[in-house]
Amino acid sequence: MSLKEEDRRILVEMELEKAEKTFRQVEVLQRAEYWDTMANRLYYSLFHAVSALLINDQREVGSHKGAAIRFHQYYVKTGVFTEEEGSFYSQMETLREKSDYNCFFNITETDIVSKVAPTSLFIEKVKKYISEHQ
């Protein structure tokens, strides 16, 4: 990714803001019991955090699958993020895809509420990494 340093930092900040804004929507959706939409918003908050991470380190984001592949390649396999965190990111992508595109798949409260805290921790870890590696 060939961005000027100032542009790269602005883009990283925008992605982090998008991750946080998207994550804040989860609370409203939980009160409304919109479990499928919660899965969507949780995943997208992770995707924007991972996008910020990749952009921060001057790596291409690409598609959702591309971002996942690069996240695992550069951050999970190198030990920056754990295997469990890598697996969680992949699980959330799959859960979002099923809930968005499969009319026979319904997410329950039990399925999704347990994903809120790990999503928050993941985003915080990304923010910490970026603050230490700018």
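Residue 261 is where the sequence shown starts when you use the numbering used here, and the numbers rise one by one after that.
Note that CB positions come from ideal geometry on N, CA and C, so glycine has one too.
Close CB contacts of residue 328 within its chain, under the 8 Å cut and outside five residues either way in sequence, are with 310, 349, 350 and 353 (chain order).
Residue 335 counts as buried, since no fewer than 16 other beta carbons sit within 10 angstroms of its beta carbon. The beta carbon of residue 304 is closer than 7 Å to those of 282 in its chain, skipping five residues each way along the sequence.
For residue 317, there is no enclosing alpha helix (DSSP H), since its DSSP letter is neither H nor E. In the three-state DSSP reduction, residue 294 falls in the coil class, being neither helix nor strand. The alpha carbon of residue 346 has as its nearest neighbour, out of 325, 272, 372 and 369, the alpha carbon of 325. When secondary structure is reduced to three states using DSSP, residue 362 falls in the coil class, being assigned neither helix nor strand.
When only Cα atoms are considered, residue 315 and residue 368 end up about 34 Å apart.
The three-state secondary structure of residue 346, taken from DSSP, is helix.
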